[in-house]
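Order-wise, the sequence lines are chains A and B. Residue numbering for the first sequence follows my numbering, beginning at 1063 and increasing consecutively. Residue numbering for the second sequence follows my numbering, beginning at 431 and increasing consecutively. Note that the Cβ used here is the ideal one computed from N, Cα and C, for glycine as well. Values in this document were obtained by computation on a predicted structure and should not be read as measured data. Presented below is the structure to which this report refers.
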Amino acid sequence: MTHPTPDDFDQLRGAFDDPVAPAPSFADRLREEIAMEVTKTVAPADIRRTVEPLRAARQAESVPLTSWHGALATAAVIALVLALGFVTIREAIAPERGDDDDDGALSSATVPANSFGQTSASGTPGVIAVPDVTPSAGFAIDPVVSGGVIGVDGSLPIGPLDVPLSDQLVEMPSPGAPGRDGKSFGYVGDVGFGTNLSQSSLIAYDLATNEQRWVVPIVPRGQIVSDGTTAFIDGYDAVAGEGGLFAFDLRTGVERWRITTPTESGVIREPMSPIVSRGVVYAGFDGSILRAIDAVKGTVLWEQTVPGSDDPAYNDKRSMQIVTFADRLLVVAGGRTLVPFSSLDGIPFAPAILPVRDSASSGVWLTMAGETAIVMISDMVDVPVATPNLMDSYGYEETVIAFNPGSLKELWSWAPERLVRPAIMVGDRMLIAVGTTIYDVDPATGERTVHVEVPSPYPGGWYFAMMRTDGEHAWFAYGTENTVEVFQIGVNGLDHQWTAATSQTPHVYDLVADRGGIRIVSDPGPDYYIPAAANLNETVLPSSTIASDDGMYVPNATPEGRDSSSAEGEVPGSYRSQPTPAATIVDNIIQPDEPSPTTLPDGTPFTPIGEPMPIASPVDAFPILPNEPDASPEA
Amino acid sequence: MGGIAIDMPGRRSAAASPTTATPPVPWFDDALPRIFGYFLPRVGGSVPLAEDLTQETMLAAVRALPAQGPNGELMPWLFGIARNKLVDHYRRHGRDRERAGPSNLDVEAIAEGDTRLPVLDLHAIHTRDAIVQTLATLPARQRLAIVLRYLDDLSVEDVADALDLSLQATESLLARARRAFRAHYLASSGDTA
Chain A
1063 MTHPTPDDFD QLRGAFDDPV APAPSFADRL REEIAMEVTK TVAPADIRRT VEPLRAARQA
1123 ESVPLTSWHG ALATAAVIAL VLALGFVTIR EAIAPERGDD DDDGALSSAT VPANSFGQTS
1183 ASGTPGVIAV PDVTPSAGFA IDPVVSGGVI GVDGSLPIGP LDVPLSDQLV EMPSPGAPGR
1243 DGKSFGYVGD VGFGTNLSQS SLIAYDLATN EQRWVVPIVP RGQIVSDGTT AFIDGYDAVA
1303 GEGGLFAFDL RTGVERWRIT TPTESGVIRE PMSPIVSRGV VYAGFDGSIL RAIDAVKGTV
1363 LWEQTVPGSD DPAYNDKRSM QIVTFADRLL VVAGGRTLVP FSSLDGIPFA PAILPVRDSA
1423 SSGVWLTMAG ETAIVMISDM VDVPVATPNL MDSYGYEETV IAFNPGSLKE LWSWAPERLV
1483 RPAIMVGDRM LIAVGTTIYD VDPATGERTV HVEVPSPYPG GWYFAMMRTD GEHAWFAYGT
1543 ENTVEVFQIG VNGLDHQWTA ATSQTPHVYD LVADRGGIRI VSDPGPDYYI PAAANLNETV
1603 LPSSTIASDD GMYVPNATPE GRDSSSAEGE VPGSYRSQPT PAATIVDNII QPDEPSPTTL
1663 PDGTPFTPIG EPMPIASPVD AFPILPNEPD ASPEA
Chain B
431 MGGIAIDMPG RRSAAASPTT ATPPVPWFDD ALPRIFGYFL PRVGGSVPLA EDLTQETMLA
491 AVRALPAQGP NGELMPWLFG IARNKLVDHY RRHGRDRERA GPSNLDVEAI AEGDTRLPVL
551 DLHAIHTRDA IVQTLATLPA RQRLAIVLRY LDDLSVEDVA DALDLSLQAT ESLLARARRA
611 FRAHYLASSG DTA
């Protein structure tokens, strides 16, 4: 059969290309919709315009340092500090967890529901209710761009890490992994997680009984998140020799699925920063691919290459931080590219570029504060500078920028000095610590008031501080030469203060919500643990002392039975032989109904809310307590 | 045949006169009628569908573009988006339309070359309406093939790419589409070849 040339159809060419006016109602509707869309496309320059003058103003007040080596060293350590972010999701009370006895084990009454102040989910028996939101509030993730390794936890010796890391970190005892070396990753519901680094395994244990529930040969590399039935772990399978995202049944440890990713250099991968929301796990793969994964089946629902993830200015330092809001995701890639995605289908929207310098050691921290996206940037300046009030070299520029998470429109920015990250959310309040001042910031407007001044032995603040919250309480901690200082931040100021003497200078790396209390992850030396407030409010005990004779953690244990014969500062691998640095008590309870005092009970000057903190010498402002091995709460 | 309510050039209604509202992007007022005018005949005169696809196209353009527009020519770029949206639409919904497509004619019985379209007065409204109506009666894939090959003046190779067909299959599809179009058009319009 022949096909004659259809000349008769040629006459149609170009005959239907004329404009046709649509209905005005449609045109108006579309005009509005496009206008809204246009507001979401903020050019990168819009962000920089606002931030740069702030920096210029601050630079004008700064004085150059003659030595920048100290700044570099400080920068490296600070970056490492920031690399220790854990996600801890805490339960609403599990239905079956009704420990009503008074045997000292953790009872449901000591675990307040929804302690992260987030919406809780499940009423299904056997399903632990956890927030169905990004873990960007409460115990937040702190991914950083630092020294070639981008991670929420670059300290684990799971492979040929390309930056020097502190060996002491991995030697820390952990009540999260009873009787074993390792570190705690907090808990989900009544399931605690700890690592046994010598065996390259992840241990899940029952928080109430301290019994091991299951163990898998996975070394977690970043945070563990959960939807209440499954634990999603960014980790490395030491047996199979592959890294990726692993899903384990939270109760049984049965592996549900895994998505592994090829690596370019051993087991080094870019952090996945997984989050789980509405039955979907979102995680970054190989630093450049954003995947939405069915939380139950492990099937990839969609994936997108993230713009900016190959930012040449950052070379290997590719990070991906993910938060979720409404039906969208907000992703930071490449250390400075901010990209919104539709969480439903992965459609990307116009990105924005964060004002991050091409720095060898910059930190970017992204979180959601209510309806506002907050980015904190710690940018190492080319020429280290110090402001007159700071005690030492200060080679970082700190910037806080608030965005509309959908449009990326900048809402406000702030260039504070000596920022302590992360900021925390308590309810709808955002607390940001700068130097010795903790500000109460409105995330939407940037309006800030001084919430409290924290006494410090140093005129400019501290080196290694950390502020955390479980949604109900907020803690602030830092180390001095001989003590760990911990403050509980209350509505009206500082509610409690704890001091523990140490023989070394601890750096507070993290505060982890743990069994209703707070655990201070410090280095060097052991962790410190403050149990639930009702039990041992004003005593700080090294976590290693809260151990029974069989080396297992005993909730609510008192220090009487501890072994105090071990050498101070040595941290072997089991509780039985743990060192027992002394606990010294400073009872500084400030009752809410009492007028704000001007001195602490021991005579230490104290500044109430809103009043300037006098700069005092370390001895005057805060006593450095002697190391007293036999000190006890009664003492 | 019953006329289809299509705003054609020169028939712009008063209600559709340009608005005085500030355009959200500089090219909005110029592009909107051209994109809408592109879709309307190509979807068989369905105004709601043309509006949907116009909306998708404009939003996709805004999301992909910096505010000042593309580096090159705007309208060819916009029409490229529009064509992709059209093809995507038929891929999504074509099978349903095919099942529902009206066809009382035994198109297969009409051999290629047996009939031809007359010389059409494409300035006449009723002729344009008849063509659009005829397109609406075709199965979706045939309609899209006609649209891409003739209304959009793509090469057979490009049509094959768009439809994800082999060249041979595309030529076969086009042959069937032409036969069906001729049959439906001639039957409905009363014209003779």
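Compute the Euclidean distance between the alpha carbons of A1085(A) and D1311(A), then round it to the nearest angstrom.
-> Position 23 of the first sequence, counted from the start, is the residue given in the question as residue 1085(A). Position 249 of the first sequence, counted from the start, is the residue given in the question as residue 1311(A). If I take the Cα positions, the gap works out to 55 Å.
Closer than 8 Å by C-beta to A1354(A): which residues in its own chain qualify, once you throw out the five before and the five after it? Chain order, please.
-> Here residue 1354(A) refers to the residue found at position 292 when the first sequence is read from its first residue. Counting only Cβ-Cβ distances below 8 Å, and skipping sequence neighbours, we find V1342, V1343, Y1344, V1362, L1363, W1364, E1365, S1405 and G1408.
Should L597(B) go down as buried or exposed, given a rule of 16 or more other Cβ atoms within 10 Å for buried?
-> One-based indexing of the second sequence puts residue 597(B) at position 167. Counting the other CB atoms within 10 Å of its CB gives L597(B) a total below 16, which places it among the exposed residues.
For T1386(A), does the count of other Cβ atoms within 10 angstroms reach 16, so buried, or fall short, so exposed?
-> Here residue 1386(A) refers to the residue found at position 324 when the first sequence is read from its first residue. Buried, because 16 or more other Cβ atoms sit within 10 Å of the Cβ of T1386(A).
By how many angstroms is the C-alpha of V1553(A) removed from the C-alpha of P453(B)?
-> In the second sequence, residue 453(B) corresponds to position 23, counting from 1. In the first sequence, residue 1553(A) corresponds to position 491, counting from 1. Spanning the two alpha carbons is a distance of roughly 49 Å.
Going by alpha carbons, who is nearest to E1472(A) out of T1322(A), P1417(A), M1492(A) and G1497(A)?
-> As a first step, residue 1472(A) is located in the first sequence; it is residue number 410 there, counting from the start. Comparing Cα-Cα distances from E1472(A) to each of T1322(A), P1417(A), M1492(A) and G1497(A), the minimum goes to P1417(A).
To the nearest angstrom, report how far apart V477(B) and A1293(A) are at their CA atoms.
-> Residue numbering aside, residue 477(B) sits at position 47 when the second sequence is read from its first letter. Residue numbering aside, residue 1293(A) sits at position 231 when the first sequence is read from its first letter. In a straight line, the C-alpha of V477(B) is about 49 Å away from that of A1293(A).
Beta-carbon contacts of I1436(A) that lie in its chain and below 6 Å, excluding the five residues immediately before and after = The residue labelled residue 1436(A) in the question sits at position 374 within the first sequence. The answer, listed in chain order, is T1429 and A1464.
Spatial neighbours of L584(B) in its chain, beta-carbon cut-off 6 Å, leaving aside the 5 residues before and after | Within the second sequence, numbered from 1, the residue matching residue 584(B) stands at position 154. Closer than 6 Å at Cβ, skipping near neighbours: L578.
Evaluate R1075(A) with the Cβ neighbour count: other Cβ atoms within 10 Å of its Cβ, from every protein chain shown; 16 or more gives buried, anything less gives exposed.
-> Position 13 of the first sequence, counted from the first residue, corresponds to residue 1075(A). Result: exposed.
Among Y615(B), A613(B) and V589(B), which one has its Cα closest to the Cα of L603(B)?
-> Within the second sequence, residue 603(B) is the residue found at index 173, counting from 1. Here the closest residue by C-alpha is V589(B).
By how many angstroms is the C-alpha of I1337(A) removed from the C-alpha of R608(B)?
-> Reading the second sequence from its first residue, position 178 is the one you call residue 608(B). Reading the first sequence from its first residue, position 275 is the one you call residue 1337(A). Roughly 53 Å between the two C-alpha positions.
If the cut is a Cβ gap below 9 Å, which residues of chain B does G1076(A) touch?
-> Residue mapping note: residue 1076(A) aligns to position 14 of the first sequence, counting from 1. Residues of chain B passing the Cβ test: L581 and D583.
Using a Cβ-Cβ cut-off of 8 Å, state whether L571(B) counts as contacting chain A.
-> Taking the first residue of the second sequence as 1, we reach residue 571(B) at position 141. Reading off the sequence, residue 571(B) comes out as Arg, not Leu. Not closer than 8 Å to any Cβ of chain A, the Cβ of R571(B) fails to qualify, so no.
Report yes if the C-beta distance between D1538(A) and I1494(A) is below 8 Å; otherwise report no.
-> One-based indexing of the first sequence puts residue 1538(A) at position 476. One-based indexing of the first sequence puts residue 1494(A) at position 432. The residue you asked about is not Asp; residue 1538(A) is Phe in the sequence shown. Cβ distance not < 8 Å, so F1538(A) and I1494(A) don't count as in contact.
Can you pull the chain A residues whose beta carbon is under 9 Å from the beta carbon of T484(B), in chain order?
-> Taking the first residue of the second sequence as 1, we reach residue 484(B) at position 54. One finds P1084, F1088 and L1092 in chain A with Cβ atoms closer than 9 Å to the Cβ of T484(B), taken in chain order.
Closest by C-alpha distance to V1482(A), when choosing among M1438(A), E1509(A) and S1475(A) | Numbered from its first residue, the first sequence carries residue 1482(A) at position 420. It is M1438(A).
Could I get the ranges of all uninterrupted alpha helix (DSSP H) runs contained in the stretch 582 to 609 of chain B, with 4 residues as the minimum, in chain order?
-> 586 to 593
Out of Q572(B), A566(B) and H553(B), point me to the one whose CA is closest to Q1073(A)'s CA.
-> By one-based count along the first sequence, residue 1073(A) stands at place 11. Ranked by how close their Cα comes to the Cα of Q1073(A), the residues Q572(B), A566(B) and H553(B) have H553(B) in first place.
Can you tell me which of the three DSSP states S1335(A) falls into?
-> If you number the first sequence from 1, residue 1335(A) lands on position 273. Reduced to three states, the DSSP call for S1335(A) is coil.
So, helix, strand or coil for N1350(A), using DSSP?
-> The residue given as residue 1350(A) occupies position 288 in the first sequence. First, the residue type needs correcting, since residue 1350(A) is Ser and not Asn in the sequence shown. Coil, per DSSP.
Please state if the CB of L565(B) and the CB of R573(B) are separated by a distance shorter than 8 Å.
-> If you number the second sequence from 1, residue 573(B) lands on position 143. If you number the second sequence from 1, residue 565(B) lands on position 135. Yes.
Along chain B, in chain order, which residues have C-beta atoms closer than 7 Å to that of A1412(A)?
-> Start at 1 with the first residue of the first sequence, and residue 1412(A) comes out as number 350. Those are R493, listed as they occur along chain B.
Backbone secondary structure at T1386(A) - three-state DSSP = Taking the first residue of the first sequence as 1, we reach residue 1386(A) at position 324. Strand at T1386(A).
Through-space distance from I1265(A) to E1317(A), alpha-carbon basis = By one-based count along the first sequence, residue 1317(A) stands at place 255. By one-based count along the first sequence, residue 1265(A) stands at place 203. Rounded to the nearest angstrom, the two C-alpha atoms are 14 Å apart.
Run through DSSP, which three-state label would V1445(A) get?
-> Taking the first residue of the first sequence as 1, we reach residue 1445(A) at position 383. Any reading at V1445(A) needs caution, since the residue's pLDDT is 47, under 50, leaving its predicted position unreliable; the model's value is listed next. Correct three-state label for V1445(A): strand.
Mind listing the chain B neighbours of I1096(A)? Cutoff is C-beta to C-beta under 8 Å, in chain order.
-> Reading the first sequence from its first residue, position 34 is the one you call residue 1096(A). Near I1096(A) (Cβ distances below 8 Å), the residues of chain B are P454, V455, F458, M488, L489 and V492.
Going along chain A, which residues have a C-beta under 7 Å from E481(B)?
-> Position 51 of the second sequence, counted from the first residue, corresponds to residue 481(B). The contacting residues are P1084 and F1088.
A512(B) versus T487(B): straight-line alpha-carbon distance, rounded = As a first step, residue 512(B) is located in the second sequence; it is residue number 82 there, counting from the start. As a first step, residue 487(B) is located in the second sequence; it is residue number 57 there, counting from the start. Roughly 6 Å separates the two Cα atoms.
Starting from the beta carbon of E1433(A), find every residue of chain B whose beta carbon is closer than 9 Å, and list them in chain order.
-> The sequence position of residue 1433(A) within the first sequence is 371, counting from 1. Contact of E1433(A) with chain B by beta-carbon distance below 9 Å is absent, the smallest such distance being about 22 Å.
Could you list which residues in chain B have their beta carbon closer than 8 Å to that of P1369(A), in chain order?
-> Counted from its first residue, the first sequence places residue 1369(A) at position 307. What P1369(A) touches in chain B: nothing, since even the nearest Cβ is about 12 Å away.
Whole angstroms is fine: what's the gap from S1129(A)'s alpha carbon to A1431(A)'s?
-> Here residue 1129(A) corresponds to residue number 67 of the first sequence, with the count starting at 1. Here residue 1431(A) corresponds to residue number 369 of the first sequence, with the count starting at 1. Low per-residue confidence applies at S1129(A): pLDDT is 28, beneath 50, and the placement is therefore not dependable enough to give any value.
Spell out whether any CB of chain B is found under 8 Å from the CB atom of P1402(A).
-> Here residue 1402(A) corresponds to residue number 340 of the first sequence, with the count starting at 1. Not one chain B Cβ lies under 8 Å of P1402(A).
State yes or no: is the beta carbon of F1465(A) nearer than 8 Å to at least one beta carbon in chain B?
-> The sequence position of residue 1465(A) within the first sequence is 403, counting from 1. Judged by the 8 Å Cβ criterion, F1465(A) is not in contact with chain B.
Measure the beta-carbon distance from G475(B) to Q563(B) and round it to whole angstroms, keeping in mind my assumption that it falls under 8 Å.
-> Translated into positions along the second sequence, residue 475(B) becomes position 45. Translated into positions along the second sequence, residue 563(B) becomes position 133. About 7 Å separates the two Cβ atoms, so the contact holds.
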